[in-house]
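Worksheet: the structure to be examined is printed underneath.
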Amino acid sequence: MAKTNKKSEATYYTLQSQNVLSPDQTELFEMLHYAGVVIDPKVLKIVLDLLKINVAPSAIAQMLKSLKAQKYKKLAAKDKGPSGTKEQGEKSSTSARQTSGARLRAGAS
Numbered sequence: 063m064a065k066t067n068k069k070s071e072a073t074y075y076t077l078q079s080q081n082v083l084s085p086d087q088t089e090l091f092e093m094l095h096y097a098g099v100v101i102d103p104k105v106l107k108i109v110l111d112l113l114k115i116n117v118a119p120s121a122i123a124q125m126l127k128s129l130k131a132q133k134y135k136k137l138a139a140k141d142k143g144p145s146g147t148k149e150q151g152e153k154s155s156t157s158a159r160q161t162s163g164a165r166l167r168a169g170a171s
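Sequential numbering of the sequence shown, starting at 63, is according to the working numbering.
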C-alpha cells in the first residue's frame, strides 16, 4: 500500500468540497498529481480558463515564471533582513505585476 501525503489529501478534499474544477478538470488535476506536479486547484482553473480564451501558452508560462521569481525574491529579502524600506518593495512588486499583466494582455491579442 502506497503512502499518502496528508497535504495532498487535504487539497483533494478541499477541491471536492469547493467544486472549483469541473469533472474533466478534476481528472486533469488528478493526473498532474499522480505525475508529481504540485499545483493549487485554483491556479489550475485560472490557467485552463486563460487557455480557453486563447491566451498564448508562452504568455501564461512567462507570467508564472515572473510570479515564482517574485516569491523567491521576497523570501530572499526576508532571510537577509530589512535592507530597504517597505515602501520600496511594494513599489517594485506593483511595477512587476503591472509589467506582467501587460505581457499577459499582449499575449491574448
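Backbone N, C-alpha and C fix where the C-beta goes; we use that ideal spot for every residue, glycine too.
As the structure is a computational prediction, the values presented were derived from the model and not from experiment.
Note down, in chain order, each residue of its chain lying with its Cβ closer than 7 Å to the Cβ of residue i, except the 5 sequence neighbours on either side.
i: Leu110; result: Gln87
i: Leu94; result: Ile101
i: Gly185; result: With the chain covering only 63 through 171, there is no way to say anything about residue 185.
i: Lys130; result: none
To the nearest angstrom, how far is the alpha carbon of residue i from that of residue j?
i: Phe91; j: Ala139; result: 33 Å
i: Ile122; j: Leu112; result: 8 Å
i: Tyr134; j: Ser128; result: 10 Å
i: Val82; j: Asp141; result: 34 Å
i: Ile108; j: Lys114; result: 10 Å
i: Pro103; j: Glu89; result: 11 Å
i: Leu137; j: Val105; result: 20 Å
i: Glu149; j: Leu126; result: Residue placement at Glu149 cannot be trusted, given a pLDDT of 49 that sits under 50; what the coordinates show is reported in the next sentence. In a straight line, the C-alpha of Glu149 is about 24 Å away from that of Leu126.
i: Tyr96; j: Ser84; result: 18 Å
Any idea if residue i is buried or exposed, counting beta-carbon neighbours within 10 angstroms, 16 or more meaning buried?
i: Val117; result: buried
i: Pro119; result: exposed
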